[in-house]
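Undergrad:
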Amino acid sequence: MKDALRKETQFWLVTPKASLAGVSGLDALVGGNYIGMMPGQGEPEDHFVALDTQPKYHINNGELMIHLKSADLGSLTSGSLVYFRKIPVGRVYDYAINPNNQGVTIDVLIERRFTNLVKKESRFWNVSGVKADVSLSGAKVQLDSLSALVNGAIAFDSPDDSAQAQQNTDYHLYEDLAHSQRGVVVKLDLPDGAGLKAGSTPLMYQGLEVGQLSKMNLNSDGKVTGEMTVDPSVVSLLREKTLIQMKKPKISLDNPSVSALLTGTTFELVPGEGEPRNQFAVLPADKSILEEPDVATVTLTAPESYGIDAGQPLILHGVQIGQVLERKLNADGVTFQVAIMPEYRSLVRGDSKFVVNSRIDVKVGIDGVQFLGASASEWVNGGIRIIPGDKGAMQSRYPLYANQEKALENSMSDLPTTTLTLSAETLPDVQAGSVVLYRKFAVGEIITVQPRKNAFEINIHIKPEYRHLLTSNSVFWAEGGAKVQLNGSGLTVQASPLSRALKGAISFDNLSGASASARIDNKRVLYASETAARAVGGQITLHAFDAGKIAEGMPIRYLGIDIGQIQSLNLITAKNEVQAKAVLYPEYVNTFAPRRNAFLGDYAADFRGGR
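What follows is the structure, given as structure tokens:
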């Protein structure tokens, strides 16, 4: 040990230090502070002055010491890693302020197995910290890896034909890759310049920045071109089938990346095969699907956009099979171009239907507020959903329906389709939106009520799944609120639910023999009551000299069986008689009403008893 005590031997105090970059002097933390020694050359010596800090690294064990010159230290510190093509090959050993305060010198130690990577013409650049650029075009925040963010980091590149570096070679530390001018220049044909900024817009690959847009030009033909400086480590990926996509920031529940909103527009490198190349046509990410072979494109037409735009997904059974390429406004509405991935094109048939997937339907009524919508992610992502078909080959053009119900009805209108039209002499207590019932079960609704010269026309919609209930014998009548009728038969009270009492309703049923008399000019008759409807086709007029025991609502019986009912009574003064309007039930019309106008005595010898 005494032989190591020579003139150039150095001593220093070792104490534990902890920082975001790591912990040094850990053995001192356990065993206490101690004195470090580095043997040197020269004459024997027994008196030494300890150094303030650990001395420069001089032991020759195969590692390479180089020195980087920079205007400032930045976020680098002792222990910051040095990368070559994303692989750590060394670290920052020490740093010091240059004489006359002209910048700093950073000592870098390269591991022995990587020393051959450092050449005389190597260039080093800083990849540490956070870089922010805020302008009218947006905010750009560059975040490197967490290790580089916390500890700082340096990257370098070396030409293959350069000689190997020697110990203690000096280099300049550049601000970033673009300033190092070491990157490979790639030419770009851009769709436009929106959201792009030279010296700011990055090229990303697997979450890492591997290049940067360095120049943009507007050509005489109106097209935008540019140049990009690419990290040499990914040059081998630039081939014929490689894609460079332009991605604009968008947040969704499937990809809730806030950093995407902060960084703004970026380029994405998608490696492919083929021969090397250095010029690429950049497509927006929402049109990159067109680069795939055998992609199918179809045109969708709609009266409005429904909030759908380029880039939104095309969904089948909850799986994305394509996307919207573009949206165009024309005189007749809106057209969409959608692309279908090659592996899914066989699933789209001639009778497939395209439905909006981004709307939330809200229905407000007496029954409450009803929300109809898809999953939360579909609310945000929107897009178009396909109802699968099973007939015919895929067409080039389809209508885009607002919802599934309209798709099943093949309706492009905002209102439901009109299934049939009813005609009424006077308007009953119904309105647009009133329910249509079949034996008290809701099967449709009233679409519109339109007044005509001598009647009212009421257009109704029956849901497709219930249209089989309509027949030639269907008869319709109005349902209203509570009705009270007092006659010789007693007290009759008819009540309806509150919603029907307020908005009214229409009911229908199928009655045998009603087909002919339940129509007016190919329109179904809407009767004022169920009684009138069920008596369709059997209206008769009865004459009597005395109406003392006759009343409206009184039944007409034959052999104790009700076959009809008195509807109204009128005094005919010119003939000095009472005229009774009555109806016979459909099943008895042919038997008891060969004539529509008869004297009361023709039907009953003693009508006063209600027979």
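Counted from 1, the sequence shown has number 42 at position 42 by UniProt numbering; the numbering is strictly sequential. Cβ atoms here follow ideal geometry from the backbone N, Cα and C, with glycine treated the same way.
Can you give, in chain order, each stretch of the beta strand (DSSP E) that sits fully within the stretch 260-330 and has at least 3 residues?
TA: Qualifying beta strand (DSSP E) stretches, in chain order: 266-270, 279-281, 296-302, 313-316, 319-330.
Undergrad: Across which residues does DSSP place residue 614 in a beta bridge pair?
TA: Any property of residue 614 remains undetermined from this structure, which presents the chain solely from 1 to 611.
Undergrad: Can you give me the C-alpha to C-alpha distance between Y93 and L109, rounded to a whole angstrom?
TA: Cα to Cα, Y93 sits roughly 6 angstroms from L109.
Undergrad: Please name the residue or residues paired with K503 in a DSSP beta bridge.
TA: Answer is none; K503 lacks a bridge partner.
Undergrad: Bridge partners for T418 per DSSP, in chain order?
TA: Answer is none; T418 lacks a bridge partner.
Undergrad: DSSP on S135, reduced to helix/strand/coil?
TA: With a pLDDT of only 44 at S135, under 50, the local geometry of the prediction cannot be trusted, and no value is derived from it.
Undergrad: How close, in whole Å, do the beta carbons of A310 and V356 come, if the pair is a contact with beta carbons under 8 angstroms?
TA: Contact doesn't hold; Cβ gap of about 15 angstroms is too wide.
Undergrad: Taking residue 624 as the reference, give the member of Q10, E63, G74 with the closest Cα.
TA: With the chain running from 1 to 611 in the structure shown, residue 624 is simply not present.
Undergrad: Over what stretch of residues does the beta strand (DSSP E) that includes T225 continue unbroken?
TA: That run of the beta strand (DSSP E) goes 224-230.
Undergrad: Would you tell me roughly how many angstroms separate the C-alpha atoms of E240 and R397, rounded to the nearest one?
TA: Cα to Cα, E240 sits roughly 33 angstroms from R397.
Undergrad: With E8 and Q41 assumed to form a contact (beta carbons below 8 angstroms), what rounded beta-carbon distance in angstroms separates them?
TA: Between Q41 and E8 the Cβ distance is about 5 angstroms, and since that is below 8 angstroms, they are a contact.
Undergrad: From residue 671 to S474, what does the alpha carbon distance come to, in whole angstroms?
TA: With the chain covering only 1 through 611, there is no way to say anything about residue 671.
Undergrad: What residues are listed by DSSP as bridge partners for V210?
TA: DSSP, once it has assigned bridges, lists no residue as partnering V210.
Undergrad: Rounded to a whole number of angstroms, what is the C-alpha to C-alpha distance between T201 and L213?
TA: For T201 and L213, the distance between alpha carbons rounds to 5 angstroms.
Undergrad: Tell me which residues share the same chain as A528 and place their Cβ nearer than 8 angstroms to its Cβ, disregarding the 5 neighbours each side in the sequence.
TA: Within the same chain, A528 has close Cβ partners A424, T426, P428, W477, A478.
Undergrad: Applying the 10 Å Cβ sphere with the 16-neighbour rule, what's the burial state of N597?
TA: Since pLDDT at N597 reaches only 47, below the 50 mark, its modelled position is unreliable, and the value read off the structure follows with that caveat. With fewer than 16 other Cβ atoms within 10 Å, it is exposed.
Undergrad: Tell me whether Y585 sits in a helix, a strand or coil according to DSSP, three-state version.
TA: Coil at Y585, not helix or strand.
Undergrad: Less than 6 angstroms between C-beta atoms, sequence neighbours within five positions excluded: which residues of the same chain meet that for Y466?
TA: Hits under 6 angstroms: V443.
Undergrad: Compute the beta-carbon to beta-carbon distance between I387 and L314, rounded to the nearest angstrom, for a pair I have assumed lies under 8 angstroms.
TA: With a Cβ gap of about 12 angstroms, I387 and L314 do not count as contacting.
Undergrad: Can you give the beta carbon distance from D233 to G152, rounded, assuming they're within the 8 angstroms contact cut?
TA: Here residue 233 is Ser; the residue named in the question, Asp, does not match the sequence. About 20 angstroms; that fails the 8 angstroms criterion.
Undergrad: Checking 8 angstroms against the spacing of the C-beta atoms, do V14 and I35 come in under that value?
TA: Closer than 8 angstroms, so yes.
Undergrad: Taking only the alpha-carbon atoms, compute the straight-line gap between L559 and M412 and give it to the nearest angstrom.
TA: C-alpha separation (whole angstroms): 57 angstroms.
Undergrad: A132 to D189, Cα distance in whole Å?
TA: At A132 the pLDDT is 47, less than 50, meaning the model places this residue with poor confidence and gives no usable figure here.
Undergrad: With which residues is N126 paired in a DSSP beta bridge?
TA: Its beta-bridge partners are I154.
Undergrad: Using only CA atoms, which one of D351, S75, V525 lies nearest to E175?
TA: When only C-alpha atoms are compared, the closest one is S75.
Undergrad: Quick check on E465: does DSSP put it in helix, strand or coil?
TA: Helix at E465.
Undergrad: Compute the distance between the beta-carbons of A582 and G553, then report whether it is under 8 angstroms.
TA: No, these two residues do not count as a Cβ contact at 8 angstroms.
Undergrad: How many angstroms separate the CA atom of D52 from the CA atom of W12?
TA: The straight-line gap from Cα to Cα measures roughly 6 angstroms.
Undergrad: With DSSP as the reference, label K2 as helix, strand or coil.
TA: Residue state, collapsed to three classes: helix.
Undergrad: Once DSSP output is grouped into helix, strand and coil, what is the label at N116?
TA: If DSSP states are grouped into helix, strand and coil, N116 belongs with the helices.
Undergrad: When we look at the beta-carbon of D157 and count the other beta-carbons within 10 Å, is it buried (16 or more) or exposed?
TA: With 16 or more Cβ atoms within 10 Å of its Cβ, D157 is classed as buried.
Undergrad: Can you tell me whether DSSP reads R534 as helix, strand or coil?
TA: Three-state result, R534: helix.
Undergrad: Does the pairing of the stretch 291-306 with the stretch 222-236 give three or more beta-carbon distances under 8 angstroms?
TA: Contact between the stretch 291-306 and the stretch 222-236 is absent, because fewer than three Cβ pairs lie under 8 angstroms.
Undergrad: Please state if the CB of E227 and the CB of V186 are separated by a distance shorter than 8 angstroms.
TA: Contact: yes.
Undergrad: Ends of the alpha helix (DSSP H) at K406?
TA: Residues 404-409.
Undergrad: Where does H47 sit, in a helix, a strand or coil, going by DSSP?
TA: Looking at H47 - three-state DSSP - the assignment turns out to be coil, as it is neither helix nor strand.
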